[in-house]
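Since the structure comes first, as structure tokens, the remarks are kept for the end.
Protein chains in written order, with the numbering used here: chain U, 879 to 1281; chain R, 7 to 175; chain C, 93 to 271.
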């Protein structure tokens, strides 16, 4: 890390003084930036200032959701957060349930936690894989994306789709556990535990990786709090905060798990914390499959509205069909906010209803959007070659930030 | 620490809905906003989760959602800090071709970036989407929208658009 | 929880990483499916292309109302002999009269396979299949007529070897011959 201190006057002259600093535009069509542009001011090859320019994949999800029936926002929010579909779905449904005053039954709560934890593992593996290719290791990229596959298969077996599951609906979930799921999940978990040891040798404790990540992109605890960063990146800086612990939703109040935190808040810690969280998720999935209670998978308010054909389907195939309520849902006037801990961090929903068939105000904030200050703060003072390390380590996903 | 008592010391106008875990402070005087924000920060609310506007026919409500990473018993609370500003009357203008269009002037509220730096990108987004000018924001530029959206404020309810015909039907 | 950070000794670190790499060079961890020589038989709740049972459908338009991408359109039909429907006369847009009814057609270019329509159907008239790998050449093929839509989707690569995926302790995902 460069020791030179840049004072604020220097930074304000950056725009006009083209000779002193090189202004480099990374992206928007560059494999090292994703669908965003990172504008970098360079002194030699030392980064002086970074301005993330986002919005290239802005898909107006808030605007669209305010002009559609309530249930139609489920696929929309999922498609914004592709690696964390279940969490986005869950966060939206939790907010709607708060407005409606529906409480899902315990089995549905456990199933929600189960599919959320499977999704968290896939999300972290995705992050680790992208981090790998950013550092030039195509091995770990292929490994991580390959090892996502058994978990995606589990999701497909449970929900009927690989990524965009649309599994969670107001009042419960859409399908019950299929036969043979527990055994299959146990095999996958054992496989993953063994593979994590391989990852440690070839990637996590590899001296090359350590040399490139340790003390790169350090964010101190106080700065992390002030900048409001979220998720594993926040915990890597040493802040003990996890929405699953502090605002429990689904079945998390009944599940025993630890929230791993690190001390240094550099790129290496941000890598380690994801590995630790995969271990915790494996532990949680085991508990959920052991403790899952019997019973209905949808709340009585929904179940009672099913017609005889749908009830027959529910008994025989364990499949919840939609009563007409799902289309004509009109949550009573009021507002609700909910938070969910996704793989990349905290999703926040704030919805205002006026008792109409569309939401009046649909506001949501995604983890990547709240991790934007990482670019402006931690990269300054590093060499340009460290920017991919920092970008990869914060697990930033441009479509998610743009919404 | 009872959160209810602490909040009522800061402002008299609080709305609490325990069932939905809603806590809301409604600020009626714009000049008090920064003071209230500062006392909330001293209480332990240390970061901004979201800044957004809500467009009503006659006013725009600006809502800051704040929460805490450092104080344990505040970690479970999503506190909304809300202030409503009256919308100025829309102005009818005509362009050189003689087309009449309606210009909707922005509203102005004080920026809370000086209190909570974490709101910097959120306030930029609320600015471009709702036309809320945050006075005192260090870097109030457009964040996501392209140039042809300047001063259209697309998230306001009276925004009109031309639907693109992507699929021929 | 936080572990003390001590960079691994470079010599041991490199040797361990190389040894692990060599192990996987000799014994690779392939989970590749030899598509299209092998195709997968998907679980019964997999959300693939779907068609509708002409006799069961009551033309209530619930599927059209719930469809998030607005991919479903209702076409006017007339109930003919044996409960099957025949096309309504040219130019007729509204279904009126006792024998008039409506039937859904899906625009595959818009469909996102969320199966909200399949689940909202009060008579369970949709027939789901697990076919997911159809490709279309022209825009018009995305938008079938009702008669084309009624035909069950044909699976490509019919002669391919059918396999089912399973969890494999060694490779993560393994494939068994389909029963």
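From the three backbone atoms N, C-alpha and C, an ideal C-beta is built for every residue, glycine too.
Less than 7 Å between CB atoms is the rule here; does residue i satisfy it with respect to chain C?
i: residue 1028 of chain U; result: yes
i: residue 1185 of chain U; result: yes
i: residue 1156 of chain U; result: no
i: residue 1020 of chain U; result: no
i: residue 950 of chain U; result: yes
Would you say residue i reaches chain U, if we count a Cβ-Cβ gap shorter than 7 Å as a contact?
i: residue 137 of chain C; result: yes
i: residue 156 of chain R; result: no
i: residue 264 of chain C; result: yes
i: residue 140 of chain C; result: no
i: residue 124 of chain R; result: yes
i: residue 109 of chain C; result: yes
i: residue 66 of chain R; result: no
i: residue 102 of chain C; result: yes
i: residue 166 of chain R; result: no
i: residue 123 of chain C; result: yes
i: residue 3 of chain R; result: With chain R covering only 7 through 175, there is no way to say anything about residue 3 of chain R.
i: residue 55 of chain R; result: yes
i: residue 127 of chain R; result: yes
By the criterion of Cβ-Cβ separation under 9 Å, what are the contact partners of residue i in chain U?
i: residue 204 of chain C; result: 953, 957, 1042 and 1044
i: residue 5 of chain R; result: No statement about residue 5 of chain R is possible, as the shown extent of chain R runs from 7 to 175 and does not include it.
i: residue 28 of chain R; result: 976, 1212, 1213, 1214 and 1215
List, in chain order, every chain U residue whose beta-carbon is nearer than 7 Å to that of residue i.
i: residue 82 of chain R; result: 1124 and 1125
i: residue 215 of chain C; result: 1187
i: residue 105 of chain C; result: 1083, 1084 and 1085
i: residue 261 of chain C; result: 1065, 1068 and 1069
Considering only heavy atoms of the ligand FMN, does any lie closer than 6 Å to the CB of residue i?
i: residue 981 of chain U; result: The ligand FMN is absent from the structure shown, which contains no ligand whatsoever.
Who are the neighbours of residue i on chain U, taking C-beta pairs under 8 Å?
i: residue 71 of chain R; result: 1215, 1226 and 1228
i: residue 113 of chain C; result: 1017 and 1080
i: residue 133 of chain R; result: By Cβ distance, chain U contributes nothing, its closest Cβ being about 13 Å from residue 133 of chain R, past 8 Å.
Determine the chain R residues that contact residue i at a beta-carbon separation under 7 Å, and present them in chain order.
i: residue 941 of chain U; result: 160 and 161
Which same chain residues, not among the five before or five after residue i, have their C-beta less than 7 Å away from its C-beta?
i: residue 1034 of chain U; result: 1040
i: residue 962 of chain U; result: 997, 1001, 1220, 1221 and 1222
i: residue 1145 of chain U; result: 1091, 1094, 1095, 1267, 1268 and 1271
i: residue 900 of chain U; result: 920
i: residue 1251 of chain U; result: 1105 and 1107
i: residue 153 of chain C; result: 166 and 194
Looking at the C-beta of residue i, does it have a partner C-beta in chain R at a distance below 7 Å?
i: residue 933 of chain U; result: yes
i: residue 1250 of chain U; result: yes
i: residue 1255 of chain U; result: no
i: residue 936 of chain U; result: yes
Mind pulling the chain R residues with CB within less than 8 Å of residue i?
i: residue 1117 of chain U; result: 75 and 76
i: residue 1280 of chain U; result: 150
With a threshold of 8 Å on Cβ separation, who are the neighbours of residue i within its own chain once the five nearest residues in sequence on each side are excluded?
i: residue 40 of chain R; result: 116, 118, 120 and 121
i: residue 991 of chain U; result: 1128, 1129, 1130, 1133, 1162 and 1166
i: residue 1030 of chain U; result: 1000, 1040 and 1041
i: residue 138 of chain C; result: 222 and 224
i: residue 267 of chain C; result: 125, 130, 132, 255, 256, 257 and 258
i: residue 968 of chain U; result: 990, 994, 1046, 1127, 1128 and 1218
Give me, in chain order, the residues of the same chain whose beta-carbon lies closer than 6 Å to that of residue i; leave out the 5 immediate sequence neighbours on both sides.
i: residue 148 of chain R; result: 134
i: residue 254 of chain C; result: 133 and 270
i: residue 191 of chain C; result: 170 and 171
i: residue 932 of chain U; result: 914, 1279 and 1280
i: residue 128 of chain C; result: 249 and 252
Taking C-beta pairs closer than 9 Å, name the residues in chain C that residue i reaches, listed in chain order.
i: residue 1204 of chain U; result: 158, 208, 211 and 212
i: residue 1199 of chain U; result: 210, 211, 212, 213, 214 and 216
Under 8 Å Cβ-Cβ, which residues of chain C neighbour residue i?
i: residue 1024 of chain U; result: 121, 123 and 264
Is the stretch 1015 to 1023 of chain U in contact with the stretch 921 to 935 of chain U, if contact means three or more CB pairs nearer than 8 Å? Three or more Cβ pairs closer than 8 Å define a contact, and the stretch 1015 to 1023 of chain U falls short of that threshold against the stretch 921 to 935 of chain U.
Short-range partners of chain R found in the stretch 1032 to 1054 of chain U, where Cβ spacing is below 8 Å: Here the close residues number zero.
For the structure I just gave you, are there three or more beta carbon pairs, one from the stretch 1216 to 1223 of chain U and one from the stretch 990 to 1009 of chain U, closer than 8 Å? The stretch 1216 to 1223 of chain U and the stretch 990 to 1009 of chain U touch, with no fewer than 3 CB-CB distances between them shorter than 8 Å.
Under 9 Å, CB to CB, which of the residues in the stretch 1233 to 1246 of chain U have a partner in chain R? Listed by position along the chain: 1238, 1239, 1241, 1242 and 1243.
Output, in sequence order along the chain, the residues in the stretch 149 to 174 of chain C whose CB is closer than 7 Å to any CB in chain U. Within the stretch 149 to 174 of chain C, those residues whose Cβ lies closer than 7 Å to any Cβ of chain U are, in chain order, 154, 157, 158 and 160.
Output needed in chain order: residues of the stretch 1061 to 1087 of chain U with a Cβ under 7 Å from some Cβ in chain C. Of all residues in the stretch 1061 to 1087 of chain U, only 1062, 1065, 1066, 1068, 1069, 1076, 1079, 1080, 1083, 1084 and 1085 come within less than 7 Å of chain C when Cβ atoms are compared, listed by chain position.
Looking at C-beta atoms only, is the number of pairs between the stretch 151 to 165 of chain C and the stretch 196 to 203 of chain C that lie closer than 8 Å three or more? Taking a cut-off of 8 Å on C-beta distances, the stretch 151 to 165 of chain C touches the stretch 196 to 203 of chain C, as three or more cross pairs fall below it.
Which of the residues in the stretch 228 to 252 of chain C, read from start to end, lie with their CB under 9 Å from any CB of chain A? Checking the listed chains, one finds no chain A in this structure; the protein chains it contains are U, R and C.
Counting pairs of Cβ atoms below 8 Å between the stretch 1078 to 1088 of chain U and the stretch 98 to 118 of chain C, do you hit three or more? These segments touch.
At a cut of 8 Å, does the stretch 1226 to 1246 of chain U reach the stretch 1194 to 1214 of chain U through at least three beta carbon pairs? Verdict: yes, contact present.
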